[in-house]
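From first to last, the protein sequence lines are chains A and B. Numbering-wise, the numbering used here puts 95 at position 95 of the first sequence, and it's gapless, one number per residue. Numbering-wise, the numbering used here puts 592 at position 268 of the second sequence, and it's gapless, one number per residue. For every residue, glycine included, the Cβ atom is placed at its ideal position computed from N, Cα and C. Predicted, not measured: the structure shown is a model, and the values here were computed from it.
There are 2 protein chains.
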Amino acid sequence: MNIDMIDAAAGRLAGKARKTPLLSSPFLDEIAGRRVLVKSECLQHTGSFKFRGGWAAVSLLDPDTRAKGVIAFSSGNHAQGVAYAAQQHGVPSVIIMPKDAPQLKIDNTRALGAEVVLYDRETEDRREIGAKMSEERGLTLIKPFDDPVVIAGQGTIGLEIAEQAGEMGIEEADVLVPCGGGGMTSGIALALEARAPKMTVRPCEPEGFDDAKRSLLSGKIEYNAHTTGSICDAIMTPSVGDITFPILQRLCGAGIVVSDGECLNAMAQAFLRLKIVIEPGGAAALAAALSHASELTSETVIVVASGGNVDPDMYVRALQGLSV
Amino acid sequence: MNIDMIDAAAGRLAGKARKTPLLSSPFLDEIAGRRVLVKSECLQHTGSFKFRGGWAAVSLLDPDTRAKGVIAFSSGNHAQGVAYAAQQHGVPSVIIMPKDAPQLKIDNTRALGAEVVLYDRETEDRREIGAKMSEERGLTLIKPFDDPVVIAGQGTIGLEIAEQAGEMGIEEADVLVPCGGGGMTSGIALALEARAPKMTVRPCEPEGFDDAKRSLLSGKIEYNAHTTGSICDAIMTPSVGDITFPILQRLCGAGIVVSDGECLNAMAQAFLRLKIVIEPGGAAALAAALSHASELTSETVIVVASGGNVDPDMYVRALQGLSV
Numbered sequence: 001m002n003i004d005m006i007d008a009a010a011g012r013l014a015g016k017a018r019k020t021p022l023l024s025s026p027f028l029d030e031i032a033g034r035r036v037l038v039k040s041e042c043l044q045h046t047g048s049f050k051f052r053g054g055w056a057a058v059s060l061l062d063p064d065t066r067a068k069g070v071i072a073f074s075s076g077n078h079a080q081g082v083a084y085a086a087q088q089h090g091v092p093s094v095i096i097m098p099k100d101a102p103q104l105k106i107d108n109t110r111a112l113g114a115e116v117v118l119y120d121r122e123t124e125d126r127r128e129i130g131a132k133m134s135e136e137r138g139l140t141l142i143k144p145f146d147d148p149v150v151i152a153g154q155g156t157i158g159l160e161i162a163e164q165a166g167e168m169g170i171e172e173a174d175v176l177v178p179c180g181g182g183g184m185t186s187g188i189a190l191a192l193e194a195r196a197p198k199m200t201v202r203p204c205e206p207e208g209f210d211d212a213k214r215s216l217l218s219g220k221i222e223y224n225a226h227t228t229g230s231i232c233d234a235i236m237t238p239s240v241g242d243i244t245f246p247i248l249q250r251l252c253g254a255g256i257v258v259s260d261g262e263c264l265n266a267m268a269q270a271f272l273r274l275k276i277v278i279e280p281g282g283a284a285a286l287a288a289a290l291s292h293a294s295e296l297t298s299e300t301v302i303v304v305a306s307g308g309n310v311d312p313d314m315y316v317r318a319l320q321g322l323s324v
Numbered sequence: 325m326n327i328d329m330i331d332a333a334a335g336r337l338a339g340k341a342r343k344t345p346l347l348s349s350p351f352l353d354e355i356a357g358r359r360v361l362v363k364s365e366c367l368q369h370t371g372s373f374k375f376r377g378g379w380a381a382v383s384l385l386d387p388d389t390r391a392k393g394v395i396a397f398s399s400g401n402h403a404q405g406v407a408y409a410a411q412q413h414g415v416p417s418v419i420i421m422p423k424d425a426p427q428l429k430i431d432n433t434r435a436l437g438a439e440v441v442l443y444d445r446e447t448e449d450r451r452e453i454g455a456k457m458s459e460e461r462g463l464t465l466i467k468p469f470d471d472p473v474v475i476a477g478q479g480t481i482g483l484e485i486a487e488q489a490g491e492m493g494i495e496e497a498d499v500l501v502p503c504g505g506g507g508m509t510s511g512i513a514l515a516l517e518a519r520a521p522k523m524t525v526r527p528c529e530p531e532g533f534d535d536a537k538r539s540l541l542s543g544k545i546e547y548n549a550h551t552t553g554s555i556c557d558a559i560m561t562p563s564v565g566d567i568t569f570p571i572l573q574r575l576c577g578a579g580i581v582v583s584d585g586e587c588l589n590a591m592a593q594a595f596l597r598l599k600i601v602i603e604p605g606g607a608a609a610l611a612a613a614l615s616h617a618s619e620l621t622s623e624t625v626i627v628v629a630s631g632g633n634v635d636p637d638m639y640v641r642a643l644q645g646l647s648v
């Protein structure tokens with residue numbers, strides 16, 4: 001994995017992915033006690049950064065292989081990203097999703113042309129199901145994070161952060177990234193290593209799913225005890241990957257762990273101050289910026305708001321915490 | 325008023341206002357039966373397009389005049405735009421707001437450094453109050469819409485629409501704009517006359533506040549019977565202005581009138597499909613695109629989502645209409 005792969009992915013994504021804005025508000029700066037810049041990937045196609053990795057992977061397949069279709073397993077955002085990338089390429093997609101994924105993500109994935117197969121997180125192994133269907137139909141598996149091409153696609157966020165912050169004269173920053181399997185986190189870290197080497201990526205995780213933080217401390221891949229139990233469905237991954245972990249280990253600063261309540265508050269602040277909709281997992285990094293100031297060191301914090309696919313009920317819960 | 329004034333405003337706004345994204349979703353295209361592009365001015369500084377006009381006006385004052393401070397009257401978005409523009413210039417601002425403006429807008433205006441004076445919409449004349457305070461303190465009145473410099477500032481949205489749509493190969497479109505006093509509508513119409521002459525601006529108004537539509541039909545400035553009674557607080561203006569009306573008359577297509585329910589639905593669709601927060605008045609144009617397809621003629625409709633400063637309670641009301 002190197003910067004050339006990320007630049008190549010950026011070339012394939014040009015005119016296809018949105019260059020999302022780097023938003024800010026004096027009100028958020030005041031809460032965080034420093035300058036806060038929010039890379040708003042919730043405004044990406046399909047409502048999350050996952051479209052980047054999906055497009056990067058589907059666009060690189062040779063045409064005959066691509067024509068047979070692709071398959072993915074995902075709690076929802078990768079699902080939509082791959083489904084939309086496949087639809088835009090005119091090829092079929094099969095998406096394997098947990099039964100307890102937000103209904104909105106399941107509905108959207110179907111509406112983007114995918115065949116959706118539901119499984120039980122506690123009793124079934126999605127990797128097994130995916131491998132079996134891939135073989136039967138000649139589908140190409142698009143992994144959610146532990147794949148160099150997908151990592152390169154997500155890494156294009158890092159290229160844009162370096163460019164957009166650079167235009168503002170910012171070279172040093174803590175860059176907070178919601179971390180599940182580490183695809184986006186490692187991709188951004190690789191991009192910034194090359195283009196903004198004074199920035200430090202910090203993985204952000206929900207309580208009970210802090211495997212990345214623990215893995216960085218212990219020096220080996222650690223696992224989470226549970227697979228459910230946070231509202232941050234997008235980043236409740238069992239562990240980081242074999243490809244992502246060494247990159248995280250080489251390039252990232254310490255992980256930051258946030259509570260569900262801190263994520264709900266960050267969602268509400270994004271509503272009030274930035275006018276963007278973010279989902280619980282997508283708010284983990286903003287939650288870290290707003291509620292864990294003592295763990296940050298730079299004068300500027302850049303936060304990735306990674307997705308906005310949240311059911312209305314959960315969003316109402318976030319807004320009810322506001323006292324306006 | 326001409327395009328040179330808008331270009332000059334764009335020069336002063338460069339690096340100060342955000343170039344807001346033109347968002348889209350296949351789900352919205354399906355509802356509208358045509359391509360829908362959403363100019364997301366809710367992502368502008370202070371959460372609405374009004375920052376453009378505020379900055380355009382404050383930045384053009386001579387330094388001695390500016391140092392004495394500025395004054396504005398507004399239901400909230402112009403208030404915040406002027407307050408923030410003044411704060412960024414390091415000069416004082418006084419903002420005269422109706423007592424029934426959303427609490428969020430009042431609080432934000434104060435937090436942006438303004439002195440807020442509240443008045444009663446039904447019994448007091450805000451113009452009178454404004455003129456008196458301007459005189460007493462040597463403040464310069466920044467009008468909300470009927471001022472060539474403010475119109476030019478809002479018109480920079482039109483320059484960006486022409487450029488962003490042009491990059492997508494789009495020359496013809498209905499351009500739907502929420503219309504109160506007509507500052508933004510006339511500014512965009514002037515910009516498009518010069519830069520995208522095949523586009524037609526259509527003012528969008530709430531039921532009971534359709535003075536622009538009626539004025540275009542009768543050929544003279546018509547007034548609304550009431551000053552309250554819609555959830556679209558941002559565009560409940562008594563009439564269009566003496567400067568804005570001739571521009572609207574020369575350049576705009578027929579007005580479109582939307583119901584409060586259609587605006588709430590548009591807010592919910594923007595939440596679901598675009599991940600942007602829009603307020604009721606800011607949703608009037610999107611409501612027209614989604615619910616008044618039969619009144620549109622072009623294959624592409626460009627919608628201005630003009631602001632996102634909505635109280636959480638009203639937003640929850642919009643989301644409760646969703647069946648997900």
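What separation, rounded to the nearest whole angstrom, lies between the Cα atoms of residue 636 of chain B and residue 278 of chain A?
Sequence index remark: in the second sequence, residue 636 of chain B carries index 312 (1-based). Sequence index remark: in the first sequence, residue 278 of chain A carries index 278 (1-based). Each residue's Cα considered, the two are about 15 Å apart.
Using DSSP bridges, identify the partner residues of residue 636 of chain B.
By one-based count along the second sequence, residue 636 of chain B stands at place 312. Beta-bridge pairing links residue 636 of chain B to no other residue.
With distances taken between CB atoms, is the gap from residue 590 of chain B to residue 610 of chain B smaller than 7 Å?
Taking the first residue of the second sequence as position 1, residue 590 of chain B is located at position 266. Taking the first residue of the second sequence as position 1, residue 610 of chain B is located at position 286. Yes, these two residues count as a Cβ contact at 7 Å.
What residue range is occupied by the uninterrupted alpha helix (DSSP H) comprising residue 178 of chain A?
Sequence index remark: in the first sequence, residue 178 of chain A carries index 178 (1-based). Run containing residue 178 of chain A: none in the alpha helix (DSSP H); it sits in the beta strand (DSSP E), 173-178.
Any residues in the segment 111-131 of chain A with a beta carbon nearer than 8 Å to a beta carbon of chain B? Which ones, in chain order?
111, 112
Indicate whether at least one CB of chain B lies closer than 7 Å to the CB of residue 51 of chain A.
By one-based count along the first sequence, residue 51 of chain A stands at place 51. So, not an interface residue.
At a Cβ threshold of 7 Å, is residue 98 of chain A touching chain E?
Looking for chain E here will not work: the only protein chains present are A and B.
Just the chain B side, please: which residues come within less than 7 Å of residue 316 of chain A by C-beta, in chain order?
Here the question's residue 316 of chain A lines up with position 316 in the first sequence. Under the 7 Å cutoff, chain B gives 640, 643.
With H, G and I counted as helix, E and B as strand and the rest as coil, what does DSSP make of residue 365 of chain B?
Against the second sequence, residue 365 of chain B aligns to sequence position 41. Three-state DSSP puts residue 365 of chain B in a helix.
Suppose you measure from the CA of residue 538 of chain B to the CA of residue 616 of chain B; what does that come to, to the nearest Å?
As a working mapping, residue 538 of chain B is identified with position 214 in the second sequence. As a working mapping, residue 616 of chain B is identified with position 292 in the second sequence. Those two C-alpha atoms are separated by around 18 Å.
When you compare each of A:3, A:92, A:78 to residue 65 of chain A by their alpha carbons, which one comes out closest?
For the purposes of this step, residue 65 of chain A is taken as residue 65 along the first sequence, with counting starting at 1. The residue with the shortest Cα to Cα distance from residue 65 of chain A is A:92.
Does the segment 104-116 of chain A come into contact with the segment 130-140 of chain A, if we say contact requires no fewer than three beta-carbon pairs (one atom in each stretch) closer than 8 Å?
no
Where are the alpha helix (DSSP H) runs, 4 residues long or more, that stay fully inside the segment 77-133 of chain A, in chain order?
77-89, 103-111
When you compare only the Cα positions, how much space is there between residue 630 of chain B and residue 46 of chain A?
Position 306 of the second sequence holds residue 630 of chain B. Position 46 of the first sequence holds residue 46 of chain A. About 22 Å.
According to the Cβ coordinates, are residue 176 of chain A and residue 257 of chain A closer than 7 Å?
Within the first sequence, the letter at position 176 stands for residue 176 of chain A. Within the first sequence, the letter at position 257 stands for residue 257 of chain A. Against a cut-off of 7 Å, the Cβ pair of residue 257 of chain A and residue 176 of chain A comes out as no contact.
Smallest Cα separation from residue 405 of chain B: which of B:573, B:564, B:430?
In the second sequence, residue 405 of chain B corresponds to position 81, counting from 1. It is B:430.
Quick check on residue 416 of chain B - is its C-beta less than 7 Å from some C-beta in chain A?
As a position in the second sequence, residue 416 of chain B is number 92, starting the count at 1. Using a CB distance cut-off of 7 Å, residue 416 of chain B does not count as an interface residue toward chain A.
Could you check what DSSP says for residue 73 of chain A in three-state terms: helix, strand or coil?
To locate residue 73 of chain A, count along the first sequence from 1; it is residue 73. Three-state result, residue 73 of chain A: strand.
Can you give me, in chain order, the residues of the segment 17-32 of chain A that have a beta carbon less than 9 Å from any beta carbon in chain B?
18, 19, 20, 21, 23, 24, 25, 26, 27, 30
Closest Cβ-Cβ distance between residue 143 of chain A and chain B: below 7 Å?
Counted from its first residue, the first sequence places residue 143 of chain A at position 143. False, the Cβ-Cβ gap to chain B never drops below 7 Å.
Under 8 Å by Cβ, that's how I've got residue 290 of chain A and residue 3 of chain A pegged, so tell me the actual separation to the nearest angstrom.
For this step, residue 290 of chain A is matched to residue 290 along the first sequence. For this step, residue 3 of chain A is matched to residue 3 along the first sequence. That belief does not hold up - the Cβ atoms of residue 290 of chain A and residue 3 of chain A are roughly 31 Å apart, past 8 Å.
Using the C-alpha atoms, what's the distance from residue 546 of chain B back to residue 332 of chain B?
As a position in the second sequence, residue 332 of chain B is number 8, starting the count at 1. As a position in the second sequence, residue 546 of chain B is number 222, starting the count at 1. Between residue 332 of chain B and residue 546 of chain B, the C-alpha separation is close to 32 Å.
Excluding the five sequence neighbours on either side, which residues of its own chain have a C-beta within less than 6 Å of the C-beta of residue 186 of chain A, listed in chain order?
As a first step, residue 186 of chain A is located in the first sequence; it is residue number 186 there, counting from the start. Taken in chain order, the residues that qualify are 151, 244, 247, 248.
Would residue 47 of chain A pass as an interface residue toward chain B - the criterion being a Cβ-Cβ separation below 7 Å?
Here residue 47 of chain A corresponds to residue number 47 of the first sequence, with the count starting at 1. Judged by the 7 Å Cβ criterion, residue 47 of chain A is in contact with chain B.
Based on the DSSP secondary-structure assignment, which residues constitute the bridge partners of residue 625 of chain B?
If you number the second sequence from 1, residue 625 of chain B lands on position 301. B:360, B:498, per the DSSP bridge assignment.
Do we get a CB-CB distance below 7 Å when we pair residue 261 of chain A with the residues of chain B?
The sequence position of residue 261 of chain A within the first sequence is 261, counting from 1. False, the Cβ-Cβ gap to chain B never drops below 7 Å.
Tell me which same chain residues have a C-beta within less than 8 Å of the C-beta of residue 260 of chain A, skipping the five on either side of it?
Locating residue 260 of chain A in the first sequence gives position 260, counting from the first residue. Same-chain partners within the cutoff: 206, 207, 230, 231, 232, 280.
Less than 7 Å between the C-beta atoms of residue 57 of chain A and residue 142 of chain A, yes or no?
Working through the first sequence from its first residue, we reach residue 57 of chain A at position 57. Working through the first sequence from its first residue, we reach residue 142 of chain A at position 142. Going by C-beta atoms, residue 57 of chain A is nearer than 7 Å to residue 142 of chain A.
With distances taken from CA atoms, which of A:178, A:195, A:212, A:211 is nearest residue 38 of chain A?
Counting from 1 along the first sequence, the entry for residue 38 of chain A is found at position 38. Cα-wise, what sits closest to residue 38 of chain A is A:178.
Please tell me whether residue 42 of chain A and residue 276 of chain A are closer than 7 Å, where the distance is taken between their beta carbons.
What you label residue 42 of chain A is simply residue 42 of the first sequence in a count that begins at 1. What you label residue 276 of chain A is simply residue 276 of the first sequence in a count that begins at 1. Yes, Cβ-Cβ distance for residue 42 of chain A and residue 276 of chain A is below 7 Å.
Report the rounded CA-to-CA distance for residue 353 of chain B versus residue 640 of chain B, giving the unit in angstroms.
Counting from 1 along the second sequence, the entry for residue 353 of chain B is found at position 29. Counting from 1 along the second sequence, the entry for residue 640 of chain B is found at position 316. So the alpha carbons of these two residues sit roughly 25 Å apart.
So is residue 318 of chain A buried or exposed if we call it buried at 16+ other beta carbons inside 10 Å?
Reading the first sequence from its first residue, position 318 is the one you call residue 318 of chain A. For residue 318 of chain A, the number of other beta carbons within 10 angstroms of its own is at least 16, and it is reported as buried.
With distances taken from CA atoms, which of A:27, A:137, A:102, A:160 is nearest residue 11 of chain A?
The count along the first sequence starts at 1 and reaches residue 11 of chain A at position 11. Closest option to residue 11 of chain A, judged by alpha-carbon separation, among A:27, A:137, A:102, A:160: A:160.
Ignore the nearest five residues each way along the sequence and tell me which others in residue 99 of chain A's own chain have a CB closer than 8 Å to its CB.
Taking the first sequence and counting its residues from 1, the one referred to as residue 99 of chain A is at position 99. Setting aside the 5 residues that flank it on each side, residue 99 of chain A is surrounded in the same chain by 118, 119, 120, 121, each with a C-beta closer than 8 Å to its C-beta; the list follows chain order.
Taking the alpha carbon of residue 14 of chain A as the point to measure from, which residue in A:26, A:51, A:24 has its own alpha carbon closest?
Here residue 14 of chain A is taken as the residue at index 14 of the first sequence, counted from 1. Nearest of A:26, A:51, A:24 to residue 14 of chain A, Cα basis: A:51.
Starting from residue 491 of chain B, trace the alpha helix (DSSP H) both ways and give me its first and last residue.
To locate residue 491 of chain B, count along the second sequence from 1; it is residue 167. Looking at the DSSP string, the run of the alpha helix (DSSP H) that includes residue 491 of chain B is 472-491.
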